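First the structure, in the form of structure tokens, and then the observations on it.
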Amino acid sequence: MIAERRVTLISLLMILLLCSPSVSKAQDTSDLVVPELYVNVKSLKEGGIFEAGVLFKIKAGWHLYWKHPGESGLATKLDLRTDPEGFPTGELRWPVPIKFTQTGGVVGYGYEHEVFLSAPLTVASWVKKGERVTISADAVWLACSANLCVPGKKQVSTVLPVRNGDFPVNTELFEGWAKKLPLETDSSEVPAKVTVTGSLGSANKEAFAISSVWEGVAPELQFIPAPPDSLAVMNVSMKNVEKSSTVNFDAAVLPGLKLPADQLESLLVYDDAHGVRRAIRVFVPLR
Amino acid sequence: MKLRRLVLLLSSCLIFAPCSYAQTGAVNSGAAAPSFQGTDSSGNAVSLDDLKGKTVVLEWINPDCPYVKRHYQEQTMKKLDEKYGDQIVWLSVNSTHYMDSAANNEWKSEKAVPWSIVVDQSGDIGKAYGAKTTPHMFVIGKDGSIVYQGAIDDDASGDKDPAERVNYVDVALDKYLKGESVAVTATKSYGCSVKYAG
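Line by line, the protein sequences are chains A and B.
Position in the first sequence counted from 1, then plus 834, gives you my numbering.
Position in the second sequence counted from 1, then plus 24, gives you my numbering.
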């Protein structure tokens, strides 16, 4: 009886000291995440390429998830649509995420404070000058704090006219966030040469290595894999020797499940010479 | 002993918050499920060892998690429990650090949950199993080994047509109870991260 009371008292103390106000069920969650739609042009032009994206403003103490959320959470989802339909739309671009470790050592990847997800679109060939185009974005997310998760969704939209020219707008926003995107291995901006070894072959488990040779001393790397649900990535180790860095890991297909694609997308994250967090996107062929 | 450990853990959390606790004891499917002794929300003792010879389903819950809310709205767990009836023993485990017996009991009544909820505020049972999310499922065979662990189904976002969803626990139970081999013994679980104390 006394032991139980002590446990209850300690639990209460813990709750008071460790729990943020977000534990209360009566919390107003409407301002946890505010999505805003931006387009990089004021008007569209026939056949023109433009960009549209959503800036998610995230309340302090909360985070949203990357396209591969880690061991828990839900990838933020953004569907860009147009009316009239049929605008070829490019891949959604994800800024380099941060890695966070939730209680119990549960690893997550995502964003705090704000994140801008965008994609390039091309004006469909049948859309002519004088018409108006509605660009809308359906956003779905899971916002989590240390103690609570709250799902959210919102549709945001804007209407643009089709004119003789497309006039740039929101340039700083788009250019600023473009710098936070991962670099592809063949980009001239990448200060390293990356090679990948390993193959599942006919086996379901194998060892892989991502080797990189840097222009200067190899920086401390963070390896962020984005495996499909059917692939387990484990035993990650890293070693730097002067200009060279090697990331070793094992990948295994979970029994009874199938691989949806033949490559594993991953990020090699590092701080550049200015201390800015950057990443190289590395596709690891699995077979 | 257990109380002292709890106090020590809590003290270190207060000083060094946020606490990190090295993940221990993630167990492979096929291996023995970690033994545990706990108390359910009604104050009854629950011991895994006492259930040897039965097929047990462990379901990690957190009533505040939107994934758990959705599944209880859709009656996913209840339908499974009803389908297999006496062939299984269903146990929920709540490792949410801030939910005590009273809170668990309140939710149990509200949702008319017919099985026991093991109150694991210290997170010891959760960590022994490597429970990472709510929900996180474990099917334990009659010999005490893990038959299946991971996600409840293949539809984390709940977008799929329910008829199209693969309920991994249902498939595993169906095969196991018929004496057939279970093809999918482990999947990655989905949900909110378990709200451990540290």
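Ideal Cβ placement from N, Cα and C applies to all residues, glycine included.
Here the structure is a predicted model, which is why all the values come from computation and not from measurement.
State buried or exposed for residue i, treating a residue as buried only when at least 16 other CB atoms are found within 10 Å of its CB.
i, result
"Asp177(B)", "buried"
"Val81(B)", "buried"
"Arg1112(A)", "buried"
"Gly165(B)", "buried"
"Glu919(A)", "exposed"
"Gly77(B)", "exposed"
"Pro1053(A)", "buried"
"Trp869(A)", "Note on identity: in this sequence residue 869(A) is Pro, with Trp being the wrong assignment. Buried, since its Cβ has 16 or more Cβ neighbours within 10 Å."
"Val1075(A)", "exposed"
"Ala196(B)", "buried"
"Met1068(A)", "exposed"
"Thr968(A)", "exposed"
By how many angstroms is the C-alpha of residue j removed from the C-alpha of residue i?
i, j, result
"Ile1058(A)", "Ala69(B)", "42 Å"
"Ile149(B)", "Ser119(B)", "8 Å"
"Ala221(B)", "Met123(B)", "11 Å"
"Ala57(B)", "Thr1031(A)", "36 Å"
"Val193(B)", "Pro1089(A)", "15 Å"
"Glu905(A)", "Tyr91(B)", "14 Å"
"Ala909(A)", "Lys135(B)", "29 Å"
"Gly49(B)", "Ala55(B)", "Because Gly49(B) carries a pLDDT of 38, less than 50, the predicted location of this residue cannot be relied on, and the following value inherits that uncertainty. C-alpha separation (whole angstroms): 11 Å."
"Pro138(B)", "Leu115(B)", "10 Å"
"Lys1155(A)", "Ala973(A)", "Lying before the first or after the last residue shown, residue 1155(A) is absent from chain A, which here runs from 835 to 1121."
"Ser858(A)", "Asn128(B)", "Legend: pLDDT at Ser858(A) = 42, less than 50; position of this residue unreliable, no value from coordinates given."
"Val1070(A)", "Val1024(A)", "23 Å"
"Ala1124(A)", "Val1087(A)", "Residue 1124(A) lies beyond the range of chain A shown here (835 to 1121); nothing can be said about it."
"Ser205(B)", "Ala126(B)", "40 Å"
"Lys1077(A)", "Ser1045(A)", "11 Å"
"Pro995(A)", "Lys876(A)", "8 Å"
"Leu1015(A)", "Asp110(B)", "54 Å"
"Thr916(A)", "Phe1001(A)", "19 Å"
"Val984(A)", "Leu976(A)", "6 Å"
"Leu866(A)", "Lys879(A)", "36 Å"
"Val993(A)", "Lys107(B)", "52 Å"
"Gly895(A)", "Ala980(A)", "8 Å"
"His95(B)", "Val873(A)", "38 Å"
"Gly154(B)", "Asp1063(A)", "17 Å"
"Ser1036(A)", "Gln1097(A)", "15 Å"
"Leu982(A)", "Gly964(A)", "48 Å"
"His172(B)", "Tyr214(B)", "Just to set this straight, residue 172(B) is Tyr in the shown sequence, not His. Each residue's Cα considered, the two are about 15 Å apart."
So for residue i, helix, strand or coil by DSSP?
i, result
"Asp63(B)", "Checking the displayed sequence, the identity of residue 63(B) turns out to be Thr instead of Asp. Strand, per DSSP."
"Asn191(B)", "strand"
"Glu1049(A)", "coil"
"Val80(B)", "strand"
"Met123(B)", "coil"
"Ala958(A)", "coil"
"Ser133(B)", "helix"
"Gln111(B)", "helix"
"Leu1093(A)", "coil"
"Gly920(A)", "coil"
"Thr209(B)", "coil"
"Ala1137(A)", "Nothing about residue 1137(A) can be reported from this structure: the residues present for chain A run from 835 to 1121 only."
"Arg1112(A)", "strand"
"Phe1001(A)", "coil"
"Thr937(A)", "helix"
"Lys156(B)", "coil"
Since residue i and residue j are thought to touch, with beta carbons under 8 Å apart, how far apart are those beta carbons, to the nearest angstrom?
i, j, result
"Lys202(B)", "His121(B)", "39 Å between Cβ atoms; not a contact."
"Phe1042(A)", "Ala1085(A)", "6 Å"
"Leu926(A)", "Ala886(A)", "Contact doesn't hold; Cβ gap of about 11 Å is too wide."
"Arg1115(A)", "Glu1018(A)", "6 Å"
"Gly924(A)", "Ala958(A)", "About 14 Å; that fails the 8 Å criterion."
"Val941(A)", "Ala971(A)", "Val941(A) to Ala971(A), Cβ: 29 Å. No contact."
"Pro903(A)", "Tyr943(A)", "6 Å"
"Thr209(B)", "Ser53(B)", "4 Å"
Determine, for residue i, whether the minimum Cβ-Cβ distance to residues of chain D falls below 9 Å.
i, result
"Ser213(B)", "Absent from the structure is chain D; the protein chains it does hold are A and B."
Open item on the list: Beta carbons nearer than 7 Å to chain A: which residues of the segment 93–107 of chain B have them?
Closed with: none
Open item on the list: Along the segment 916–938 of chain A, where does the CB come closer than 9 Å to a CB of chain B? Name the residues.
Closed with: Thr935, Gln936, Thr937 and Gly938
TODO: Anything in the segment 169–194 of chain B with a Cβ closer than 7 Å to a Cβ of chain A? List those residues in chain order, please.
DONE: Hits within the stretch, in order: Ala180 and Ser181.
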